[in-house]
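Visitor: Numbering (our numbering), first residue to last: 2 to 231.
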């Protein structure tokens, strides 16, 4: 090796023509490597395209589609249950109904629209996420749940906006008394006689103003002190 470098030291002028040979070789090698890399990438892309184009097992496709629809139906059922719970929060809570009476008024166009949308969704509801439904039935149920959600939001926003403004001054005073009496009826520190008396007076104050559903009355009785006579 030392002899080789001694040789180059004696014939240093040969380096210039050698550089003229080595430089093109380096350029050719770099270009060749780049082309090989691009060919490998092209082969990989072609394999990927062929894998995608390969026909899948029809049974597997059907199973995947069914599983995906089952997950979507499960999410719809949860959304349906959620809007039903939000509605029951008003239906079963007299305090909320007194504060936002429009939510119990079927004559209010927004509340009526929600009740119609809810009936449609309830009628289309599948028994469970495992029930097999076709694409058309799924689309109908999806749209019905969405309509019920939107209708409820609109009705709730309007009820909270107007509150008791649709009542006369005398009626608003009755609603305020009913709200105060309801607090007594639900006060566990009060005696049973006091709770029963307050409950009856609540019903009297609301008579002709707000109609409590049977479920709301039963729920209220249970919260007060078990079964009370109406």
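Yeah, the Cβ is synthetic: ideal placement off N, Cα and C, and Gly gets one too. In this text, all values refer to a predicted model and were calculated from it rather than measured experimentally.
#1: Between the stretch 180-192 and the stretch 149-157, do at least 3 Cβ pairs fall closer than 8 Å?
#2: Just the C-alpha distance for residue 187 and residue 104, rounded to the nearest angstrom, thanks.
#3: Buried or exposed for residue 212, going by 16 or more other Cβ atoms inside 10 Å?
#4: Between the beta-carbon of residue 196 and the beta-carbon of residue 225, is there less than 7 Å?
#5: Pull up the distance between the alpha-carbon of residue 9 and that of residue 45, whole angstroms please.
#6: Let me make sure I understand the geometry here. Which of 201, 162, 117 and 88 has the alpha-carbon closest to that of residue 184?
#7: Among 217, 78 and 214, whose alpha-carbon lies nearest the alpha-carbon of residue 144?
#8: Between residue 206 and residue 175, which are expected to be in contact by the criterion C-beta below 8 Å, what is the C-beta distance as a whole number of angstroms?
#9: Do the stretch 134-148 and the stretch 92-108 meet, that is, are 3 or more Cβ pairs less than 8 Å apart?
#10: What would DSSP say about residue 78, mapped onto helix, strand or coil?
#11: According to DSSP, simplified to helix, strand and coil, what is residue 213?
Guide: On the basis of the supplied data:
#1: no
#2: 22 Å
#3: exposed
#4: yes
#5: Here the model assigns residue 9 a pLDDT of 49, short of 50, so the residue's position is not dependable and the matter cannot be decided.
#6: 201
#7: 78
#8: 5 Å
#9: no
#10: helix
#11: coil
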